[in-house]
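Heads up: the protein sequence lines correspond to chains A and B, in order.
Numbering follows the numbering used here, in which position 146 of the first sequence is assigned residue number 146; successive positions increment by one, without gaps.
In the numbering used here, each residue carries its 1-based index in the second sequence increased by 1000.
Each residue gets a CB set at the ideal place from its N, CA and C atoms; glycine is no exception.
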Amino acid sequence: MATVRVGIAESGVVLNPNSISTLGLGSCVGVTLYDERRKIGGMVHVMLPSTELAKGENFNRSKFADSAVPDLLNQMIKSGADQRRLVAKLAGGAQMFNLGNGTDPLLKIGARNVEACKKALAALKITIVAEDTGGSWGRTVELFCETGLLEVRAIGRTKTHI
Amino acid sequence: MTADPMMSDFHLDVLKEISNIGAGNAATSLSTLLGKAVDMKVSRVSPMPFNKITDYVGGAECTILTVFVRIEGGISGNMLFVIKIPDAQTLIRHMTGKTEDEGFSEMGLSVIHEVGNIMIGSYITALSDFLGFELNPSVPSLAMDMAGAILAFSLSEIGRSGDTAIVIDGALSVDGGPLSEEGGSHIFLLPDPESFGTIFQALGVAHHGDR
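Have a look at this one:
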């Protein structure tokens, strides 16, 4: 079994028996898609909610929820997944610092990322079957293609599988 | 001007000088607080891809303590005082004489919070004087978590423009040596991309190297 590592604003798709993971999600959101019958798993590490925030024409589509989620779906389909069978899981979207009121809305980016990922999935009619989002702590996640389980690890917390 | 990986060496040197002034002032404040000689070595001013920045502080899953401040005003950006566990333990021992385990006491955490607050505050004061801008810092906030989680959040604003940030980094040393063998303490200035032009304009070097 090999583990594919996804960095900030990157995506990937893996086949059984492999897994795919991303380390240290803070305000970022890890979105995973899974086809249970063909055991295909995909993940994208979303950093910002909307391409409307992008400055300039050439931006990395894996960074923004509204472009990253549809692109991940296309990658999954190219790898042989069936859109009707896909289910999604989400993790991350924490608020890492408490900076008081009246600060830049970008500092509440975690909650906005989660909301935008949900909206993008709803638009594609993909059901969210599990999530571990919000709070104020970082998360490392790993999706196993064999089972479709998403392992969530955080400092000082018990490892969970959702 | 944006956080262009092709920013000239001359402009990177200008940023290094800014860092020398800011970090130097921060070191002086900490020195007063500790009653020991504190130096700040500017270890790096360079454009780095986001994923390299997390590697630079020890990897995305490395536990770090961070005091975070958002700056608005003449220029905008984020400042972080980042310290790894062994360095934080040494610093707390210097301050209180107490030895901390990896869990950290409330007291220990508030020492780091206060040290970060003072260092970032004096860095910003020096920066403000040097550039001639009013700079308004947010309330400093402390977190202990994975480096990836803290840094990616701190890079959100820069992420709107690209996948690379100009990292302006100073490393701390006390009594002539690093706090621990790992040398895991940093003070990062991460200006928003639009602010580089403003900085160079204020210093009269915006068009240096143009033809």
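So, residue i versus residue j, is the Cβ gap smaller than 8 Å?
i, j, result
"G92 (chain A)", "C28 (chain A)", "yes"
"G163 (chain A)", "G135 (chain A)", "Here chain A has residues from 1 to 162 only, and residue 163 (chain A) is not among them."
"E1061 (chain B)", "M1146 (chain B)", "yes"
"L33 (chain A)", "L72 (chain A)", "yes"
"P142 (chain A)", "T3 (chain A)", "First, the amino acid is wrong: residue 142 (chain A) is Glu here, not Pro. Yes; because the gap between Cβ atoms is below 8 Å, this pair is in contact."
"L1091 (chain B)", "V1115 (chain B)", "yes"
"G110 (chain A)", "A94 (chain A)", "yes"
"D132 (chain A)", "L86 (chain A)", "no"
"G1159 (chain B)", "L23 (chain A)", "no"
"S21 (chain A)", "V6 (chain A)", "yes"
"A65 (chain A)", "A120 (chain A)", "yes"
"I155 (chain A)", "T1063 (chain B)", "yes"
Under 7 Å Cβ to Cβ from residue i, same chain only, skipping five residues before and after it: list those, please.
i, result
"M1119 (chain B)", "A1026, S1029, L1030, F1081, I1187"
"Q75 (chain A)", "S11, V13, G42"
Using a Cβ cut-off of 8 Å, pull out every chain A residue sitting near residue i, in sequence order please.
i, result
"M1048 (chain B)", "Per Cβ cutoff of 8 Å: no residues; M1048 (chain B) is ~12 Å from chain A at best."
"A1126 (chain B)", "Under the 8 Å cutoff, chain A gives no residues; its nearest Cβ is about 22 Å from A1126 (chain B)."
"E1061 (chain B)", "L23, G24, T140"
"T1099 (chain B)", "By Cβ distance, chain A contributes nothing, its closest Cβ being about 20 Å from T1099 (chain B), past 8 Å."
Following the continuous alpha helix (DSSP H) through residue i, name the residue where it begins and the one where it ends.
i, result
"N1051 (chain B)", "1050-1056"
"S1029 (chain B)", "1009-1034"
"T1125 (chain B)", "1106-1131"
"A122 (chain A)", "109-123"
"S11 (chain A)", "Premise fails: S11 (chain A) lies in the beta strand (DSSP E), 11-15, not in any alpha helix (DSSP H)."
"F1153 (chain B)", "1147-1154"
"M76 (chain A)", "65-78"
"A130 (chain A)", "That residue, A130 (chain A), is in no alpha helix (DSSP H); its beta strand (DSSP E) goes 127-133."
"D1087 (chain B)", "1085-1096"
With a threshold of 8 Å on Cβ separation, who are the neighbours of residue i within its own chain once the five nearest residues in sequence on each side are excluded?
i, result
"L1135 (chain B)", "I1071, E1072, G1073, G1074, I1075, I1124, L1127, S1128"
"H1207 (chain B)", "none"
Mind pulling the chain A residues with CB within less than 9 Å of residue i?
i, result
"M1146 (chain B)", "L23, G24, L25, G26, W137, G138, R139, T140, A154, I155"
"E1017 (chain B)", "What E1017 (chain B) touches in chain A: nothing, since even the nearest Cβ is about 27 Å away."
"V1111 (chain B)", "Neighbours of V1111 (chain B) on chain A: none; closest Cβ ~18 Å, over 9 Å."
"N1136 (chain B)", "Residues of chain A passing the Cβ test: none, with the nearest at roughly 10 Å."
"S1029 (chain B)", "Correct list: empty, because the minimum Cβ distance to chain A is about 22 Å."
Output the boundary residues of the beta strand (DSSP E) element that contains residue i.
i, result
"T1198 (chain B)", "Where T1198 (chain B) is concerned, there is no enclosing beta strand (DSSP E), although the alpha helix (DSSP H) it sits in stretches over 1193-1202."
"R5 (chain A)", "3-5"
"K89 (chain A)", "87-92"
"M43 (chain A)", "40-46"
"R153 (chain A)", "150-153"
"A1171 (chain B)", "1164-1174"
"I1064 (chain B)", "1063-1073"
Could you check the C-alpha separation between residue i and residue j for me, to the nearest Å?
i, j, result
"V13 (chain A)", "D1163 (chain B)", "21 Å"
"A1037 (chain B)", "K1098 (chain B)", "20 Å"
"I128 (chain A)", "N1117 (chain B)", "41 Å"
"S1019 (chain B)", "G1077 (chain B)", "14 Å"
"C145 (chain A)", "S1105 (chain B)", "41 Å"
"L1012 (chain B)", "P1140 (chain B)", "27 Å"
"L1109 (chain B)", "F97 (chain A)", "15 Å"
"A1003 (chain B)", "S1161 (chain B)", "Caution applies to A1003 (chain B), whose pLDDT of 46 falls short of 50 and renders its modelled position unreliable; the value that the coordinates give is listed next. Roughly 8 Å between the two C-alpha positions."
"I1150 (chain B)", "T1066 (chain B)", "8 Å"
"S62 (chain A)", "A1171 (chain B)", "33 Å"
"F1050 (chain B)", "C117 (chain A)", "21 Å"
"Q1089 (chain B)", "E1102 (chain B)", "8 Å"
"V69 (chain A)", "G1176 (chain B)", "50 Å"
"Q83 (chain A)", "I40 (chain A)", "11 Å"
"S1122 (chain B)", "Q1201 (chain B)", "23 Å"
Starting from the beta carbon of residue i, find every residue of chain B whose beta carbon is closer than 7 Å, and list them in chain order.
i, result
"K55 (chain A)", "R1160, S1161"
"M47 (chain A)", "A1152, S1156, G1159"
"I8 (chain A)", "F1050, N1051, A1152"
Using only the heavy atoms of the ligand COA, determine whether one of them is closer than 7 Å to the beta carbon of residue i.
i, result
"L1189 (chain B)", "Annotation note on the ligand COA: not contained in the displayed structure, which lists no ligands."
Tell me which residues share the same chain as residue i and place their Cβ nearer than 6 Å to its Cβ, disregarding the 5 neighbours each side in the sequence.
i, result
"L1189 (chain B)", "M1079, I1168"
"V1111 (chain B)", "I1092, M1095"
"L1142 (chain B)", "V1067, H1113"
"N1100 (chain B)", "This sequence places Glu at residue 1100 (chain B); Asn is not what is there. Contacts found: Q1089, I1092, G1108."
"R112 (chain A)", "P49"
Against residue i, what residues of chain C qualify as contacts under a CB-to-CB distance less than 8 Å, listed in chain order?
i, result
"K63 (chain A)", "Although the question refers to chain C, the structure presented lacks it and instead comprises the protein chains A and B."
Along chain B, which residues have their Cβ under 9 Å away from the Cβ of residue i?
i, result
"A94 (chain A)", "D1145, A1149, F1153"
Along chain A, in chain order, which residues have C-beta atoms closer than 7 Å to that of residue i?
i, result
"T1198 (chain B)", "None at all; the shortest Cβ gap to chain A is about 16 Å."
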